[in-house]
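Worksheet: the structure to be examined is printed underneath.
Number of protein chains: 2
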Amino acid sequence: MRKKVVAGIDIGGMNTRIGLVDQSGEVLTDSNIATSQYPASEEFVSAIYNSIELLLKNPDMPLSELIGIGIGAPCANYHTGCIENAANLPWKYVPLTSMLGVYFPDIPVKVTNDANAVAIAEMIYGDAKNLKDFVVITLGTGLGSGIVANGELIYGHDGFAGEVGHITAVPDGRHCNCGRRGCLETYVSARGIIRTVFELLAVSTKDSVLRNSSFNELTSKDIHAAALNSDAIALEAFRITGEILGRSLADVVSFTSPSVIFIFGGLAEAKDMILAPAKENMEKYLLDCYKNKVQVKPSALGNKDAGIAGGAALIWRDFV
Amino acid sequence: MRKKVVAGIDIGGMNTRIGLVDQSGEVLTDSNIATSQYPASEEFVSAIYNSIELLLKNPDMPLSELIGIGIGAPCANYHTGCIENAANLPWKYVPLTSMLGVYFPDIPVKVTNDANAVAIAEMIYGDAKNLKDFVVITLGTGLGSGIVANGELIYGHDGFAGEVGHITAVPDGRHCNCGRRGCLETYVSARGIIRTVFELLAVSTKDSVLRNSSFNELTSKDIHAAALNSDAIALEAFRITGEILGRSLADVVSFTSPSVIFIFGGLAEAKDMILAPAKENMEKYLLDCYKNKVQVKPSALGNKDAGIAGGAALIWRDFV
Numbered sequence: 002m003r004k005k006v007v008a009g010i011d012i013g014g015m016n017t018r019i020g021l022v023d024q025s026g027e028v029l030t031d032s033n034i035a036t037s038q039y040p041a042s043e044e045f046v047s048a049i050y051n052s053i054e055l056l057l058k059n060p061d062m063p064l065s066e067l068i069g070i071g072i073g074a075p076c077a078n079y080h081t082g083c084i085e086n087a088a089n090l091p092w093k094y095v096p097l098t099s100m101l102g103v104y105f106p107d108i109p110v111k112v113t114n115d116a117n118a119v120a121i122a123e124m125i126y127g128d129a130k131n132l133k134d135f136v137v138i139t140l141g142t143g144l145g146s147g148i149v150a151n152g153e154l155i156y157g158h159d160g161f162a163g164e165v166g167h168i169t170a171v172p173d174g175r176h177c178n179c180g181r182r183g184c185l186e187t188y189v190s191a192r193g194i195i196r197t198v199f200e201l202l203a204v205s206t207k208d209s210v211l212r213n214s215s216f217n218e219l220t221s222k223d224i225h226a227a228a229l230n231s232d233a234i235a236l237e238a239f240r241i242t243g244e245i246l247g248r249s250l251a252d253v254v255s256f257t258s259p260s261v262i263f264i265f266g267g268l269a270e271a272k273d274m275i276l277a278p279a280k281e282n283m284e285k286y287l288l289d290c291y292k293n294k295v296q297v298k299p300s301a302l303g304n305k306d307a308g309i310a311g312g313a314a315l316i317w318r319d320f321v
Numbered sequence: 002m003r004k005k006v007v008a009g010i011d012i013g014g015m016n017t018r019i020g021l022v023d024q025s026g027e028v029l030t031d032s033n034i035a036t037s038q039y040p041a042s043e044e045f046v047s048a049i050y051n052s053i054e055l056l057l058k059n060p061d062m063p064l065s066e067l068i069g070i071g072i073g074a075p076c077a078n079y080h081t082g083c084i085e086n087a088a089n090l091p092w093k094y095v096p097l098t099s100m101l102g103v104y105f106p107d108i109p110v111k112v113t114n115d116a117n118a119v120a121i122a123e124m125i126y127g128d129a130k131n132l133k134d135f136v137v138i139t140l141g142t143g144l145g146s147g148i149v150a151n152g153e154l155i156y157g158h159d160g161f162a163g164e165v166g167h168i169t170a171v172p173d174g175r176h177c178n179c180g181r182r183g184c185l186e187t188y189v190s191a192r193g194i195i196r197t198v199f200e201l202l203a204v205s206t207k208d209s210v211l212r213n214s215s216f217n218e219l220t221s222k223d224i225h226a227a228a229l230n231s232d233a234i235a236l237e238a239f240r241i242t243g244e245i246l247g248r249s250l251a252d253v254v255s256f257t258s259p260s261v262i263f264i265f266g267g268l269a270e271a272k273d274m275i276l277a278p279a280k281e282n283m284e285k286y287l288l289d290c291y292k293n294k295v296q297v298k299p300s301a302l303g304n305k306d307a308g309i310a311g312g313a314a315l316i317w318r319d320f321v
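Quick note, the sequences are listed as chains A and B, same order.
Residues 2 to 321, numbered by my numbering, are exactly what the first sequence covers, in order.
Residues 2 to 321, numbered by my numbering, are exactly what the second sequence covers, in order.
Laid out in structure tokens, this is it:
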């Protein structure tokens, strides 16, 4: 019997990762294409098709049957199957599931935004298997979120629910790429913590290795490395980031009262440097009826393959 | 054949209203008991029982069969059937559904918080009949909310979801009864608009009829009456209240992306005095992908009977 596999696809601004995923969430084989090298979406979809066909022919793979394709992408609409107005992708509007469906007419093709895909992966493969009410916060360049209530992902009437990165954390605060001000992701994200470091470098007189990097050079990994080395500015930047995250998580709880909030992505690797102040401040700002009930913890999914496995989970969830 | 009726109960700090409700949401007969006159919850439950029995014997009523009891109450937990730590009720903890179940062992008894009951009523009898994703905001002494997503009310893991009145509207803002600061309901509620009027009376030199009332005397109805009479302070208070509501509604949309936000309760009677600035500011602060999609409108439920009908809707929804 041929082994059933799902093609999981993780579309990012730089790279698009494509893998074949089994029912346990394991990525059996994968490859990579450079998103930005395809200014025409038709060519991009054609390249995805070619990658999947190549992966299926991988001699190291058991004989496989492709049973579906699941995709996580920024600004992707589960209801319509389209990517719409994604700031970091080269195309304004891509009817992705119908375009890929031309190549794969006999199997389901589904797309959702990348944070929702991670939430579904957490539900299928991760630590949310028995949870009906939880939230996933993804900390990447921006801040994404997937909200699950009553055991179902919340898509909203238009397919765009769950933009917690764009709730107002600080009224009239930092300018956001979305054109508004004070959005949570301008503080809590890889780019947000860099901005916080630069604010601290301006305000403080403390010595710091981070004074040697330009804004464009500095990465959140550099800040993490400096913090591990007890750099005072880096540690303070993580503390502030966690504090603002925690304060906003108190608001998140007031909406859907999740039992667990999972934190996923690069910044979450700093673990308690960010999670400890986040938990402390969430508790501080929680309404009494929610106190000491909500767990905040790192996602159980490995960062490396979670995007691919998350996309695939969109299909596998129908087989659970 | 006997007419099927549900007993709908609306528990408030001052009064508890009890009615018999048919499947269309019409309150056929109702009565009233003074909540605060029952310091012992056992006596309160006994009084509810007596009221229901009396209503059923009302000679003006058709011969009726009581098929269930549905209750809306502050701080009520749908999962446990209990009222827990309601600030404006005389009892700390009441296992209401099991206590009433002793009197009515053969029919379902359900309770939820008052704003959730209104949301279900809107779904069963009101303008949300065909909506899968909507939010109800109730403006009374405080601000309550009921959130429906994927066609289901969101209760959260602990039964306490939907406390939009306690999201932080203004960091380090007004003190709230909950012990925290800047909660939305300290600005947007009957009590909130009174506080705003007093702030304006302090800041402004404008003449106003509202300068003749003490804080304890002034009601939101007085402010509405003054606004209808073009009182500058009253009009400005409504504008500010709507503005803060609108800004927070933009955050509400970022969570569950509802197609409609219904505004219910006394303050909503001021209609466009509060709804126009609310809509304008919501649109101003919405993320682009949500703009011009979300309706903000008054609830279709009459204020008078919505509490009773809302409680009853908890039972009727299982018969739709």
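C-beta: ideal position from N, C-alpha, C; glycine also.
Since the model is a prediction, treat every value here as computed from it, not as a measurement.
Quick one: grab the DSSP three-state call for residue i.
i, result
"Lys285 of chain B", "helix"
"Phe135 of chain A", "strand"
"Gln38 of chain B", "helix"
"Leu201 of chain A", "helix"
"Thr30 of chain A", "strand"
"Phe320 of chain B", "helix"
"Pro278 of chain A", "helix"
"Asn114 of chain A", "strand"
"His225 of chain A", "helix"
How about residue i: is its C-beta nearer than 8 Å to some C-beta of chain B?
i, result
"Cys83 of chain A", "no"
"Lys130 of chain A", "no"
"Asp273 of chain A", "no"
"Ile262 of chain A", "no"
"Ile168 of chain A", "yes"
"Glu270 of chain A", "no"
"Asp252 of chain A", "yes"
"Ile155 of chain A", "yes"
"Asn86 of chain A", "yes"
"Val165 of chain A", "yes"
"Ile148 of chain A", "yes"
"Asn151 of chain A", "yes"
Would you mind telling me which residues of chain A sit closer than 7 Å to residue i, beta carbon to beta carbon, in chain order?
i, result
"Phe334 of chain B", "No answer is possible for residue 334 of chain B: it lies beyond the span of chain B, which begins at 2 and ends at 321."
Would you say residue i lies against chain A (beta-carbon separation less than 8 Å)?
i, result
"Ser255 of chain B", "yes"
"Asp319 of chain B", "no"
"Ile10 of chain B", "no"
"His158 of chain B", "yes"
"Tyr286 of chain B", "yes"
"Asp134 of chain B", "yes"
"Arg192 of chain B", "no"
"Lys294 of chain B", "yes"
Around the Cβ of residue i, are there at least 16 other Cβ atoms within 10 angstroms (buried) or fewer (exposed)?
i, result
"Arg248 of chain A", "buried"
"Glu66 of chain B", "exposed"
"Pro278 of chain B", "buried"
"Asn217 of chain B", "exposed"
"Arg3 of chain B", "exposed"
"His167 of chain A", "buried"
"Asp232 of chain A", "buried"
"Thr206 of chain B", "exposed"
"Val110 of chain B", "buried"
"Gly152 of chain A", "exposed"
"Met283 of chain A", "buried"
"Tyr94 of chain A", "exposed"
"Asp11 of chain A", "buried"
"Ala41 of chain A", "exposed"
"His176 of chain A", "exposed"
"Ser255 of chain A", "buried"
Mind listing the chain A neighbours of residue i? Cutoff is C-beta to C-beta under 9 Å, in chain order.
i, result
"His176 of chain B", "Residues of chain A passing the Cβ test: none, with the nearest at roughly 14 Å."
Below 8 Å on the Cβ atoms is my guess for residue i versus residue j; work out the distance and round it to an integer in Å.
i, j, result
"Ser1 of chain B", "Ala162 of chain A", "Past the boundaries of the shown model lies residue 1 of chain B; chain B is included only from 2 to 321, so the question cannot be answered."
"Ser37 of chain A", "Pro75 of chain A", "About 14 Å; that fails the 8 Å criterion."
"Ile275 of chain A", "Gly303 of chain A", "With a Cβ gap of about 18 Å, Ile275 of chain A and Gly303 of chain A do not count as contacting."
"Leu211 of chain B", "Ala191 of chain B", "In fact, because the Cβ distance is near 14 Å, the residues do not count as touching under 8 Å."
"Leu268 of chain B", "Ser300 of chain B", "Not confirmed; about 12 Å, so no contact."
"Gly20 of chain B", "Ile309 of chain B", "4 Å"
"Asp265 of chain B", "Ala307 of chain B", "At residue 265 of chain B the sequence reads Phe, which differs from the Asp that was named. Rounded, the Cβ-Cβ distance is 7 Å, consistent with contact."
Under 8 Å Cβ-Cβ, which residues of chain B neighbour residue i?
i, result
"Arg181 of chain A", "Tyr286, Leu288"
Report whether the distance from the Cβ of residue i to the nearest heavy atom of the ligand NAP is below 7 Å.
i, result
"Ile108 of chain A", "The ligand content of the structure shown is nil, which means the ligand NAP is not present either."
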